[in-house]
Each structure stands twice: as C-alpha cells, then as structure tokens.
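Working notes for the structure below.
Number of protein chains: 2
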Amino acid sequence: MARSLEVVGEKWALLAVREVFLGNRRFDEMVRRIGAPRDTLAARLRTLVEAGIFERRQYSDHPARFEYFLTDAGKDLYPVIVTLRQWGDRHLSEQDGPPAVFKHTCGHPLMTRLVCESCGEPASLPSRPPTFTRQPAS
Amino acid sequence: MARSLEVVGEKWALLAVREVFLGNRRFDEMVRRIGAPRDTLAARLRTLVEAGIFERRQYSDHPARFEYFLTDAGKDLYPVIVTLRQWGDRHLSEQDGPPAVFKHTCGHPLMTRLVCESCGEPASLPSRPPTFTRQPAS
DNA sequence: CTGAGTGCGTCCAAAATCCCGACTTACTGC
DNA sequence: GCAGTAAGTCGGGATTTTGGACGCACTCAG
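In the order they appear, the protein sequences are chains B and V. Under this note's numbering, the first residue of the first sequence is numbered 1, with each subsequent residue one higher. Under this note's numbering, the first residue of the second sequence is numbered 1001, with each subsequent residue one higher.
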C-alpha cells in the first residue's frame, strides 16, 4: 500500500490516469481538463512513464508529438479509480450528482465490491473494521 | 474523483486511515509505523477530522490524550485501501510478498472485484478501456 | 508571405508543503 | 529522582507546486 501510494499518490497522478482512461491521451487536453499546472503535469507524466503505468508513444515527428497510453499495470489501476469515484460520489457529491460515468458493455455503470478472496462471498463491511491479522508492515 | 483526492489524496492521509483500520488509533503509534513527520501527521489528522473521516476522542485528561476513530464515511474508505493494496501487491511487491493482510471473518483475505452495478456480472477489464460516456467533468 | 493558432513542453520566481530534530507538558513505573 | 511515554508544537531548511511567460515546429487562412 505504501508502495502504491509512492507511485500513484502524488498530486494529479490519478487524475492523469483517469484522463487516459477517458481517452484523453494528449498533454494539452489533460492540462485543460484537470487544470494542473503544465509544469507539474509534465513531471507527473514522466514519473508515471518511469513507473511503467504509461507508455509514451510518438504520433508525429517534426514537430514531435506524443500520446500517453496505459500499460497493463496502468489498466489495472481501473478499480482504484472506480473505488475512489464511488466513495466521492457517496460522501462528497454536492447538488450536482455523480458526473463522468464509466459504463459496462451491457450499458450499466461499473462498481467495485468487497469480496472474500476464497469464498467469494460479498463481504459487507462489518460495523467494526473486519478482523485482521497484524504483521510487520505494508 | 477529484473531490475524493482533495480529501484523501494528500501525502500520508491514506496511510493514517489504514493504521486506524489496523487498530492503531494513537498519534505516536502512527508516527512510528508509517514514519511520517510528526508535524505533517498532526496536520493530516486535523484535516481528516474536519473532513469527517476521523473522530477525535479523548481517552484521558491530565494529560489530555486522544485517539482517532473512523466515522462511517471513514469506514467506507475500506475498499479504496484494499484496492490500492491489491494493485501494489500485484505490481510492486518485491521479494518479500504481500505483508499486512486483512482477513474476512471466514479466515480468508478480502479483495475487491469490478462488477456491473445492475447485472452484477464480474466485469473483467476489456483489453481496451471499457466503454464510457463522457460528461462535463468529475 | 504573414499572422494566428495549436501542441508540448521548459524556465523562473513565489508560494505552499514537507521534513527533521528539539522541546514541552503531564503523567506512570522503577 | 530518573527514565520513559504520549501528543503534540516550534523553528528552519529542503523540496514541490504553482502560474505565467516563453520557445519551437509546425498548420491553416488570407
């Protein structure tokens, strides 16, 4: 977890990932949509490429222009994004309801659900945090 | 999503939340375990309390000592933590495998799964980002 | 050809944040 | 009395972020 956050926990990082999921692969497009300082976004894209989450592909030379694509590791961030959105929709949405929605091919929105790894049972969160085993660290 | 990150996306915030899930509710304990600067952690705890994720309860006066508990909104962050851990375990774990494991009451670890909100079908991620509807912003 | 516009950055100075170690206060246990 | 613990605060330096301007290599309209 700590490791995840090191890679993906910096400001703007996850928003950039979301943008690529939404199909906005170009620098300017992202700047416009998420409102990050160009400088910071450039740095963030670099670290995300280094971390193997984005792949930077040239789509034109003279002038060299690049697009960012998700690697497999990047695509695996999808549940993180959905989960975060879910939480925000639940606890932070103001008058204007949930915006940007990702849809399943069947036409309905996606969500994540907590399940037990082995029995698959959709573990509803107990009122008290679930039982856990404590171990060195994470 | 952007809103979620504003609340929970600051450095150390999610690690603090995780600690409370693990049952470490005291300031010093958290400092020791996550290694954040005392200063920063103090600030973070304050913002998390303001955001309604933690509740600060006094457990002794003379000297006044406090513990942090999760509110309902805080408990709802559980899937976010699990999802993040899952991703880290998958893509970032080095020789030392996944540490700190949360377990379901049946004794097995928990995980999150992407499902369709209506059909419940465990939507596996399509090779290409899923279809989506684009809307103003998030 | 000229001038405007676009795309992807970089540069810089100011502001905000973060980090670290030391310090404080009020206990408890030896 | 002395060490230790707990929950911070304080001062200051180090690091990041921010926003605006700038550069460059095009393309397009006139």
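Backbone N, C-alpha and C fix where the C-beta goes; we use that ideal spot for every residue, glycine too.
Counted as a single uninterrupted DSSP element, the beta strand (DSSP E) harbouring Ser60/B occupies residues 54-60.
Shown here, Glu1029/V sits in a helix according to DSSP, grouped into three states. Boundaries of the beta strand (DSSP E) around Glu67/B: 65-70. For the set Asn24/B, Thr83/B, Tyr68/B, the Cα lying nearest the Cα of Thr47/B is the one of Tyr68/B. The beta-carbon distance between Pro79/B and Thr1083/V, rounded to whole angstroms, is 5 Å. This is short enough to meet the 8 Å contact definition.
When 9 Å is used as the limit between beta carbons, Ala43/B is near no residue of chain V, the shortest such separation being about 16 Å. In the DSSP assignment, Ser4/B falls within the alpha helix (DSSP H) that extends over 2-8. Contact of Ala1002/V with chain B by beta-carbon distance below 7 Å involves Leu15. By the Cβ rule, the region 3-15 of chain B counts as touching the region 38-58 of chain B, because three or more pairs are nearer than 8 Å.
Setting aside the 5 residues that flank it on each side, Leu41/B is surrounded in the same chain by Trp12, Ala16, Phe27, Met30, Val31, Ile34, each with a C-beta closer than 8 Å to its C-beta; the list follows chain order. At a cut-off of 7 Å, the C-beta of Pro79/B has a neighbouring C-beta in chain V. In the DSSP assignment, Gly1088/V falls within the unbroken alpha helix (DSSP H) covering 1078-1092. With respect to the 7 Å criterion, Leu1070/V and Val1020/V are classified as neighbours on the basis of their beta carbons. In the DSSP assignment, Leu48/B falls within the unbroken alpha helix (DSSP H) covering 38-50.
Put simply, the backbone Cα of Ala1073/V is about 7 Å away from that of His91/B. Restricting attention to Gly23/B, Thr112/B, Ala2/B, the CA atom closest to the CA of Arg85/B is found in Thr112/B.
Straight-line spacing of the CA atoms in Lys75/B and Arg18/B works out to 10 Å. Around the beta carbon of Gly1023/V, a 10 Å sphere encloses fewer than 16 other beta carbons of the protein chains shown; the residue is thus reported as exposed.
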